[in-house]
Amino acid sequence: MLGFVPDEVRLSAFTKDDEGKFRAAINGKAYRQCQNYSEHDICNWMVPEEDSNVFCQSCRLTEIIPNLSEPENKKLWFRLEQAKRRLLYTCISLGLPIVNRFIAPDTGLGFAFLKNQETDQWGNELFIKQYVSTGHANGLITINLDEADHSMRMETREKMGERYRTLLGHFRHESGHYYWDRLIANRPEIGEFRRLFGDERLDYMSAMQGYYDNGPAENWQNVWISAYASMHPWEDWAETWAHYLHMVDTLETANAFDFSIAGNLIANPATKAKPQNNAYTSVSFTHLFNDWCQLTKVLNGLNRSMGHEDAYPFIISISALDKLRFVHEIVMKNSHEVVA
Ligand SMILES: [Zn+2]
Ligand SMILES: [Zn+2]
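What follows is the structure, given as C-alpha cells:
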C-alpha cells in the first residue's frame, strides 16, 4: 500500500506490523489511513498514530462535501480533493501556514464544495435558483461542484474566452485571497502591494460590474498576468499568486525528475525541509524565472508534438514579472513563520 506522509512531505510504501498497524517504509513510524482513504478511497494521505483526528491534514480542512447519495458526486469530490491536496502540498513545501478554522476560527482555512440548487429535495424547480460562486470569504474557500465536471468547465472556459481553466488553478487562485489576508492585509507590506497592484480599497462590486459589462482593460497583456487580473487589485494578486504556485510546483516536479537544460538541473524552489534542519533553500527569483522560461518552452513543444494545446498559454510582461517577484519575496519571508 502507498500513502502520502505529510510530516515527511513524501510518499511511502506501507506494511502492516504484528499489531495490524501501518508502518511507513521511509521512517518506520506507525500511521493510519485517512478516513476518506479507508472508507471512500478518494484520499491517499496518512495520519500519524498519535494524531487523534480521523482525517488527514488535507481532508480535515473540508467543511462541506458533496451529497454522496448522488453517485456522480463521488467522482467530482475525488477530483476536488485531489486538486486541493496538490495545492496544500505546495503550501507545505513552501513552509506556508495551514491551520483549520476549528482550531483558529479567525485565521484558519476551510473548504466547501457546493452544487447549484435548481430543484428542491422533491425535484420541483425552485422559484429562486441558488447558484454557487467559486470564491473566498473569511478563510472559507467555496468551489462550485460543476468546476470538477470536465465538460461543464470547458463550456465555461469557452464562454469566458479563456485559454487556461483548471480545478487546480481555482484552488491556487482562491488560496491567494486567503493568504493575502494573512500575509499582506494590516502589515507593512501593504505599501509595496499598492505600489505594484494598485489600491485594493477601490470598490470591488463596481469593479466587478465594470469587468462583466465592458470586458477586461484594453492592452491588459502589457500590465496584467491574465484578463481577469485587470478587474481589481485583489484579483490581480490572486491571479499572480496562482501563477507563482504553477511555477514552483512545475519546477519542483521537473527537478524531482532530474530534468536539466543545457546540462544544468532545473532549480527547486521548495523549502520543504524544516528551518531547524538548516536545509532552507533560497533560490533567487531571477534563477527560478529563467529556468521557468526554458522549461515552459519545452512543455509547450512537447504538448504540440502530442497534438495538445499549449500547457502554458501565457506571456509575462515586465509589470507582471515585478508582481511575481513580490509574491516570491512574500512567500520566502513567511516561509515556516507562524502567522497570527
Ligand atoms: Zn484525507
Ligand atoms: Zn478571485
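Take -18 as the starting number for the sequence shown in the numbering used here and just add one per residue. Cβ coordinates follow ideal geometry from the N, Cα and C atoms, glycine included.
I need the straight-line Cα distance from E(-11) to W215, nearest angstrom please.
Computed Cα separation, rounded: 33 Å.
Sheet register partners of K(-3) (DSSP bridge)
Looking at the DSSP assignment, K(-3) forms a beta bridge with F3.
Check Q102 in the structure and name its three-state DSSP category.
Q102 falls in the coil class under three-state DSSP.
On the CB-based measure, 16 or more other CB atoms within 10 Å of its CB, does D246 come out buried or exposed?
Contrary to the premise, residue 246 reads as Leu rather than Asp in this sequence. Answer is exposed; the Cβ neighbour count stays below 16.
Check whether the stretch 32 to 49 and the stretch 83 to 92 are in contact - that is, three or more C-beta pairs closer than 8 Å.
Output reads yes: the stretch 83 to 92 touches the stretch 32 to 49.
Please state the DSSP three-state secondary structure of V320.
At V320 the pLDDT is 44, less than 50, meaning the model places this residue with poor confidence and gives no usable figure here.
Secondary structure of Q38, DSSP reduced to three states
In the structure shown, Q38 adopts coil according to DSSP, grouped into three states.
Helix, strand or coil for V80 per DSSP?
If DSSP states are grouped into helix, strand and coil, V80 belongs with coil.
Does H117 come out as helix, strand or coil in the three-state DSSP assignment?
Taken through DSSP and simplified to helix, strand or coil, H117 comes out as strand.
Go ahead and pull the three-state DSSP assignment for E310.
Helix.
Go ahead and label M186 buried or exposed: buried means 16 or more other beta carbons lie within 10 angstroms of its beta carbon, across all protein chains shown.
An exposed status is given to M186, since fewer than 16 other beta-carbon atoms sit within 10 Å of its beta-carbon.
With distances taken Cα to Cα, identify the nearest neighbour of D32 among T147, K10, H21.
When only C-alpha atoms are compared, the closest one is K10.
Run the proximity test for E199: is its beta-carbon closer than 6 Å to any non-hydrogen atom belonging to ligand 2?
Checking the Cβ of E199 against ligand 2 gives no.
Who are the near neighbours of Y225 in its chain, counting only those whose CB is closer than 6 Å to its CB and skipping five residues on each side?
Answer for Y225: L305, V308, listed in chain order.
Which residues DSSP lists as bridging S241, in chain order
Note: S241 is bridge-paired with L246 in the DSSP secondary-structure output.
Could you tell me whether the stretch 192 to 207 touches the stretch 110 to 122, where touching means 3 or more Cβ pairs closer than 8 Å?
As far as the Cβ criterion goes, the stretch 192 to 207 does not touch the stretch 110 to 122, which means the pair count is below three.
Residue range of the beta strand (DSSP E) that includes R144
Counting along the chain, R144 falls outside any beta strand (DSSP E), and DSSP gives it neither H nor E.
If distances are taken between C-alpha atoms only, which option among Q202, L77, A188 comes closest to Y159?
Closest option to Y159, Cα to Cα, is L77.
If you reduce the DSSP assignment to three classes, tell me which class R168 lands in.
Here R168 sits in coil by DSSP.
C-alpha distance - A6 paired with I23, whole-angstrom precision:
The alpha-carbon separation between A6 and I23 amounts to approximately 22 Å.
What is the rounded straight-line gap between the Cα of I79 and the Cα of R67?
Going by C-alpha positions, I79 is about 14 Å away from R67.
With a 10 Å radius around its C-beta and 16 neighbouring C-beta atoms as the bar for buried, classify Y70 as buried or exposed.
By the C-beta density criterion, Y70 is buried, having at least 16 other C-beta atoms within 10 angstroms.
Best match in M27, K314, D184 for proximity to S(-7) [C-alpha to C-alpha]
The residue with the shortest Cα to Cα distance from S(-7) is M27.
Cβ of N34 within 6 Å of any heavy atom in ligand 1?
No.
Got a sec: does ligand 2 put a non-hydrogen atom nearer than 6 Å to the Cβ of A210?
For ligand 2, not one heavy atom lies less than 6 Å from the Cβ of A210.
Distance, Cα to Cα, A166 vs E106?
Roughly 42 Å between the two C-alpha positions.
How would you call M212, buried or exposed, if buried means at least 16 neighbouring beta carbons within 10 angstroms?
Buried.
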